[in-house]
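S.K.: Got a structure for you, questions after.
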Amino acid sequence: MKSAFVLLAFLALSQGLLRIPLMRGKSARQLLEERGLFEEYRKKFPYNPAAKFLPRNEQSAVPMTFDPDITYYGEIGVGTPPQFFKVLFDTGSSDLWVPSMSCTSTNSGCEDHAKFNSSASSTFQAGTKPFYIMYNSGFAAGSTGYDTIKLSDLYVEHQFFGLTETEAVFMMSVPWDGILGLAFPGMSLEGGPPIFDNMWNQGKIPQNMFSMYLSSSVEGSVLILGGTDPSYYTGSIKWIPLFRATNFWNIHIQSINIDGNTVACSASCEAIVDSGTSVIIGSGQDINNINGWLGASTDQYGDAVVSCSNTNLLPDIVFNINGYSFALPPSAYVMKSASGCRTGFAPGPWILGEVFMRQFYTAFDISNNMVGFAQAA
């Protein structure tokens, strides 16, 4: 078995794939619960996943909201020599930004985060555009620039990116420093080509594709640039065409079933595959129906809670997508924290986030406008 794994790893390496290890750190929820601050934060910064995906002319709070349960991040280098940052690799946005040295402790969102020193980089060029992104619960603002970005052993030259000088206070509690967006160019608020487009155009990767394996453990997760790696999944990848022409990784769900009964998306629905959302989001009526089938009750904060003692008795939830069936077991959709157990389903626009992607290795094929799912190994 070990020799087979080594062979697969060698084959993947020979194809020019690059891997960025992803850590599963403590979520903002866990960190704030440890400090007794979570109730205060959830009241002050309500979770609104819809804000991230509003059309440009409707956006009043974009492209990110305070998601207390996001846990995965990886490391990139910015500048020459590289200065290292932990970033959220976000398939639901297109911009790259990190904190700047001007983001001081008086702007508390930057506290305890790495900060980029542009004067220490020999390849940095200042941009002329300001950087401003509204949040559901605040904002990030600053300047822009161009520099070399290091991802694993790959270097992307002259990448446009944002440098924050002030950030929403909730950023202080997230486990990453900045965001690297992996959606399409039309989603970019900065206006520059997203980093993956530059990576492909500069001939850095063998295929215009990337994939993600999200482990349930602290270590073992990975972002793979340039293709897919079968050592992280079993069976075959089921390819699904993107639904309609959007700037998101948008797919079409035919129905969602429990024990053979359609419980959601009875007339089909479209959903965004988003590594920057922690749970599965769906229309209020459908989510209430799913949680009802699971015997969940709603707590004072609106979370759907279940007993931690009998989660193994809960049913699989089956997503029917493009003629394929993807079964999500309770071990995947029940989320445990210090305060108890809750389901990984919340109301909003349909989004398949970390809860879905942990169960299914996910590939993003830019050239062919497809998303692929395979059972995670």
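Residues -19 to -1, 1 to 358 in mature numbering (1 follows the signal peptide of the UniProt record, and there is no 0) are what the sequence shown spells out, letter by letter. Here a beta-carbon is modelled for each residue, glycine too, at the ideal position from N, C-alpha and C.
State the start and end residues of the unbroken alpha helix (DSSP H) segment that holds G265.
M.R.: 265 to 274
S.K.: Under a Cβ-count criterion, where at least 16 other Cβ atoms within 10 Å of its own Cβ denotes burial, should T343 be classed as buried or exposed?
M.R.: buried
S.K.: Starting from E335, trace the alpha helix (DSSP H) in both directions and tell me its first and last residue.
M.R.: Per DSSP, E335 belongs to the alpha helix (DSSP H) from 335 to 340.
S.K.: For G162, list the residues DSSP reports as bridge partners.
M.R.: D71
S.K.: Where does Q140 land, buried or exposed, given buried means 16+ other C-beta within 10 angstroms?
M.R.: buried
S.K.: What is the rounded straight-line gap between the Cα of S103 and the Cα of V59?
M.R.: 11 Å
S.K.: Please list the segments of the beta strand (DSSP E) lying wholly inside the segment 184 to 245, counting only runs of 3 or more residues, in order along the chain.
M.R.: 190 to 194, 202 to 206, 214 to 222, 231 to 239, 242 to 245
S.K.: Mark C289 as exposed unless 16 or more other C-beta atoms lie within 10 angstroms of its C-beta, in which case mark it buried.
M.R.: exposed
S.K.: Suppose you measure from the CA of E56 to the CA of I1; what does that come to, to the nearest Å?
M.R.: 7 Å
S.K.: Tell me, please, which residues DSSP counts as bridged to P328.
M.R.: G263
S.K.: With 16 other CB atoms within 10 Å as the buried threshold, where does T279 fall?
M.R.: Here T279 is exposed: its Cβ has fewer than 16 other Cβ atoms, across all protein chains shown, within 10 Å.
S.K.: Identify, in the order they occur along the chain, each residue of the same chain with its Cβ nearer than 6 Å to the Cβ of G(-4), setting aside the five sequence neighbours on each side.
M.R.: P187, G207
S.K.: By how many angstroms is the C-alpha of F97 removed from the C-alpha of Q64?
M.R.: 7 Å
S.K.: Please report the distance separating the alpha-carbon of P310 from that of N349.
M.R.: Their backbone Cα atoms lie some 30 Å apart in a straight line.
S.K.: Kindly indicate which three-state DSSP category G178 falls into: helix, strand or coil?
M.R.: Sequence inspection shows Asp at residue 178; the Gly mentioned does not correspond to that position. Three-state DSSP puts D178 in a helix.
S.K.: Three or more C-beta pairs under 8 Å: does that hold for the segment 68 to 83 against the segment 165 to 173?
M.R.: Yes, the segment 68 to 83 touches the segment 165 to 173.
S.K.: Quick one: what does DSSP say F345 is sitting in, helix, strand or coil?
M.R.: strand
S.K.: Quick check on Y314: does DSSP put it in helix, strand or coil?
M.R.: Correct three-state label for Y314: helix.
S.K.: Quick one: residues in its chain with C-beta nearer than 8 Å to the C-beta of L223, no 5 flanking neighbours on either side, listed in chain order?
M.R.: W230, N231, I232, N350, M351, V352
S.K.: For N238, count neighbouring C-beta atoms within 10 Å of its own C-beta (all shown protein chains included) and say buried if the count is 16 or more, exposed if not.
M.R.: buried
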